[in-house]
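Asks:
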Amino acid sequence: MKNMPVTRETTHNIDNQQDEITILAIDDDDLVRDSLSTYLEDSGYHVLQANSGLTGLQMYQQYQPDLILCDLRMPDMDGLKVLSHLTEMGATIPIIVISGAGLIQDVVEALRLGATDYLVKPIADLHVLEHAVTSALKAAKLEKENQQYKDELEKANHILSMNLDELQRDQEAGRQAQLQLLPSPKTGFNGYYFDHTIFPSLYLSGDFLDFFEIDERYIGFYIADISGHGSASAFVTMMLKSLINHPLRRYRNSADQCIIQPDELCDYLNREVLNAKVGKHLTLFYGVIDQEMHLLKYCNAGHYPRPILSMGGKNGFIEDKGFPIGLFNWANFEMNTVQLDKPFTISMFSDGILELEAEDCSLEERENKLISLTKSGQADVESVVSELRLVHAQALPDDITIFFIKGPGNQQ
1 MKNMPVTRET THNIDNQQDE ITILAIDDDD LVRDSLSTYL EDSGYHVLQA NSGLTGLQMY
61 QQYQPDLILC DLRMPDMDGL KVLSHLTEMG ATIPIIVISG AGLIQDVVEA LRLGATDYLV
121 KPIADLHVLE HAVTSALKAA KLEKENQQYK DELEKANHIL SMNLDELQRD QEAGRQAQLQ
181 LLPSPKTGFN GYYFDHTIFP SLYLSGDFLD FFEIDERYIG FYIADISGHG SASAFVTMML
241 KSLINHPLRR YRNSADQCII QPDELCDYLN REVLNAKVGK HLTLFYGVID QEMHLLKYCN
301 AGHYPRPILS MGGKNGFIED KGFPIGLFNW ANFEMNTVQL DKPFTISMFS DGILELEAED
361 CSLEERENKL ISLTKSGQAD VESVVSELRL VHAQALPDDI TIFFIKGPGN QQ
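Its first residue numbered 1, the sequence shown is counted upward by one per residue in our numbering.
(1) Considering Ile223, what are the terminal residues of the beta strand (DSSP E) in which it resides?
(2) For Ala156, which option in Gln61, Ala301 and Val236 has the closest C-alpha, if you only look at C-alpha atoms?
(3) Within 8 Å, do at least three Cβ pairs link the stretch 269-278 to the stretch 342-360?
(4) Does DSSP put Asn315 in a helix, a strand or coil?
(5) If you measure between the beta carbons of Pro94 and Leu137, is that distance less than 8 Å?
(6) In terms of DSSP beta bridges, what is Gly100 paired with?
(7) Could you give the first and the last residue of the continuous alpha helix (DSSP H) run that contains Asp263?
(8) Assuming Met74 contacts Asp28 (C-beta within less than 8 Å), just tell me the rounded distance between them.
(9) Do Ser227 and Lys141 have their beta-carbon atoms positioned less than 8 Å apart in this structure?
(10) For Gly79, which of helix, strand or coil comes out of DSSP?
(11) To the nearest angstrom, how far is it from the Cα of Pro122 to the Cα of His131?
(12) Quick check on the burial criterion: 16 or more other C-beta atoms within 10 angstroms. Buried or exposed for Gln180?
(13) Take the Cβ of Ala234 as the centre, count every other Cβ of all protein chains shown within 10 Å, and call the residue buried at 16 or more, exposed below.
(14) Please state whether DSSP places His158 in a helix, a strand or coil.
(15) Could you please give me the residues that DSSP links to Cys258 through a beta bridge?
(16) Where do the ends of the beta strand (DSSP E) carrying Lys406 lie?
(17) For His246, does the three-state DSSP call read helix, strand or coil?
(18) My understanding is that Lys369 touches Glu357, with C-beta atoms under 8 Å, so please give their C-beta distance in whole angstroms.
(19) Which one of Tyr63, Glu365, Ile198 and Gly56 has the shortest CA to CA distance from Leu72?
(20) Is it buried or exposed for Ala301, if we count other Cβ within 10 angstroms and need 16 for buried?
(21) Over what stretch of residues does the alpha helix (DSSP H) that includes Thr414 continue unbroken?
(22) May I ask which residues mark the beginning and end of the beta strand (DSSP E) holding Leu296?
(23) When the Cα of Arg83 is compared with those of Pro65, Ala110 and Gln64, which residue comes out closest?
(24) Can you look up Asn410 in the DSSP assignment and give me helix, strand or coil?
(25) Looking at C-alpha atoms only, which residue of Glu382, Phe333, Asp76 and Thr401 is the closest neighbour of Ser263?
(26) Just mark His12 as buried or exposed, buried being the case when its beta carbon has 16 or more other beta carbons within 10 Å.
(27) Which stretch, first to last residue, makes up the beta strand (DSSP E) that contains Gln339?
(28) Kindly list the residues whose CB is nearer than 6 Å to the CB of Asp215, restricted to its own chain and excluding five residues on each side of it in sequence; keep chain order.
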């Protein structure tokens, strides 16, 4: 006689989200099935029971559970056949198989067919069961979030691609759209002051920057320079903003560490830009200010000129090295740290600023000019723009970005 589904409705907390989670237990052994179901119900799950593989498939179609527990050895339809049918039906939920000792070959085949995990009878410690269920559900939730992100990104890329021709016909409209993605200049929070400006060589710029509060402890910022100019490069700046927003949301939702580990973030961006096949690469300096430890963590992915750190009466380029993003799939990215124990200024520029100097100027002379412009941290965006006479500049050879961050006690 088929067991009727258990209907007691309870909830279980996965990542602090109170969503009812339904588990389907498929096992022909009434004692084992009832024991597992009772334990899981006591743990807060909603459990459905099926005493055969065929009944289990029918209940899967009817109730669409979040996870399946399935015995491998059953008389009418064994667990491997159940797995095969679930695969054919397009099931994407986690499936944990339960086998007797000595059936390792069946376990291997079950994992090949898509099982998430396996348990061996007898299950002496039911905490092992709960741990397997919790781990499988968390992994499934993460995979679902990743798929949703990929779908969103594909949709965004599709929309941006469709609009690219229109942006090329209407450069001014594109410029306004790009400006809306930039943070407001002259912004202060938590004692830090941020200011910036971008002078595009065309209507649309391949330069981009951003800064944001990650949480109460961390502040993130970056400056990027996309290869080329115009609409195609501007498209990549929009994509970059979207790409970085994803790990930022992940950190806030599930404490994923990528956004506060500059080397991991650059590695992630490198993979995504290569996979997008946009035909562009970019240089990037990404930094994270740890306000609690007074520490700057950063990774330079080929960005030049290097940022200038002014602190304690000293003024110099931040030492680093690295590959651009979107060129090589084998590129490695390195994180470095600097102690921020005094009032400081970080001055950042795109390479277009170096092209303002005479052609016969050496690289060293161009770098020394930048050091001089920052005036040991006392300069600001307006003073640099004024000294370089950028407001009335005509036909710039490249996009020029100026980005200043001033730490607590160093605002003007």
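Backbone N, C-alpha and C define an ideal beta-carbon position, used for all residues, glycine too.
Replies: A quick look at the data gives this:
(1) Tyr218 to Ile226
(2) Checked all of Gln61, Ala301 and Val236; the closest Cα to Ala156 is Val236.
(3) no
(4) strand
(5) yes
(6) Gly100 is bridged to Lys121.
(7) Pro262 to Ala276
(8) 5 Å
(9) no
(10) helix
(11) 16 Å
(12) exposed
(13) buried
(14) helix
(15) None; Cys258 has no bridge partner.
(16) Ile400 to Lys406
(17) helix
(18) 6 Å
(19) Gly56
(20) Flag for Ala301 reads buried.
(21) No information on residue 414 is available, as it lies outside the stretch 1 to 412 that the chain covers here.
(22) Leu295 to Ala301
(23) The amino acid occupying residue 83 in the given sequence is Leu; Arg does not appear at that position. Minimum Cα distance to Leu83 is reached at Ala110.
(24) coil
(25) Per the sequence presented here, residue 263 reads as Asp, with Ser not at that position. Taking only the C-alpha atoms, the option nearest Asp263 is Phe333.
(26) With a pLDDT of 48 at His12, under the threshold of 50, the modelled position of that residue is not reliable, and the figure given next carries that caveat. That one is buried.
(27) For Gln339, the enclosing beta strand (DSSP E) starts and ends at Asn336 to Gln339.
(28) none
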